[in-house]
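I have placed the structure first, in the form of structure tokens, so that the comments after it can refer back to it.
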Amino acid sequence: MTVNDRRTQETKGQRFARLYLENWRNFQKADLALQRRVFLIGPNASGKSNLLDVFRFLHDIVVVGGGFQQAVKKRGGVSAIRRLAARKHPDIVIRAELAGDKAGGTASYELRFKQDSISRPVIGKECVIKNGKKILSRPDDDDKADPERLTQTYLEQVNVNREFRDIAEFFSSVRYLHEVFLLVPGKEGTETNPASSFRTAPNLDSEKVIKVMFPGCCTGDGSLVAR
């Protein structure tokens, strides 16, 4: 996951500092403090991709042609996103805390949602806090008077997100790169078919993949060392 270098001046230097989840995929609750570089390690089906999908979801809400409804639909609806055992407390909660630049600015975006009687995603809570000051809290009086408004986030609407548009721009800059497509040089290539000189990572044993991806992290006996 990388961030596009063409950020606005306001978003430059921002990063995810903490992530809190409830009922997201296979996570009942998760509260993660994040550094500038994070490695997720675990067996298949342990939830690594589900965790990374949170960042993609936030991106999909604000990207051009996306939005809250589309982001949920893309994942099969609320029932497909929500943890299967979440019956009594069905709300899905995402709270992303951002660390700012050298000036020390901080921000927090929280979204709580579920589905209504016709299976539409509806917002139960949307909150933005910047530098300790709450600048958005939904539902507000307008939402209560017109519940249809709760089918869209303020985050995705440029006419109402001016005070925290930098958060939307930061989320839109998130990129997801899948390591399955990592190409590793091999010896089978020919001049007529240079592409055959590459093998995909799944065809290599784990030690070779680690050595290619993280040079210098392996000792002579094949053990790993932290860098």
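Numbering-wise (our numbering), the sequence shown opens with residue 804 and increments by one. Ideal Cβ placement from N, Cα and C applies to all residues, glycine included.
Under a 10 Å Cβ-count criterion, E929 is classified as buried, with 16 or more other Cβ atoms of the shown protein chains found around its own Cβ. Counting the other Cβ atoms within 10 Å of the Cβ of K851 gives fewer than 16, which makes it exposed. Its chain contains I884 as the residues whose beta carbon lies nearer than 6 Å to that of R878, once the 5 sequence neighbours on both sides are disregarded; these appear in chain order. DSSP lists D834 and R898 as the beta-bridge partner residues of Y823. Cβ atoms of V963 and L861 stay farther apart than 8 Å, at about 18 Å. Cα atoms of V896 and F858: separation of roughly 13 Å, rounded to the nearest angstrom. Within the region 850-938, the alpha helix (DSSP H) runs of at least 4 residues that lie entirely inside it are, in chain order, 851-865, 871-877 and 881-884.
A874 is the residue among A874, Y957 and K937 whose C-alpha sits nearest the C-alpha of D856. Rounded to whole angstroms, the gap between the alpha carbons of S940 and K891 is 24 Å. Comparing C-alpha distances from V881 to each of R828, I932, K832 and A902 shows the shortest one belongs to R828.
Under the 8 Å Cβ criterion, the region 951-962 counts as touching the region 912-930, having at least three qualifying pairs.
Of the other Cβ atoms in all chains shown, 16 or more fall within 10 Å of the Cβ of A971; this residue is therefore buried. By the C-beta density criterion, D944 is exposed, having fewer than 16 other C-beta atoms within 10 angstroms. Here G845 is exposed. Its C-beta has fewer than 16 other C-beta atoms within 10 Å. Between A899 and L822, the C-beta spacing is below 7 Å. One thing to note: L837 has its Cβ within 7 Å of the Cβ of A820.
Counting along the chain, D944 sits inside the alpha helix (DSSP H) bounded by residues D944 to A948. Counting other Cβ atoms within 10 Å of its Cβ, F842 stays below 16 and is therefore classed as exposed.
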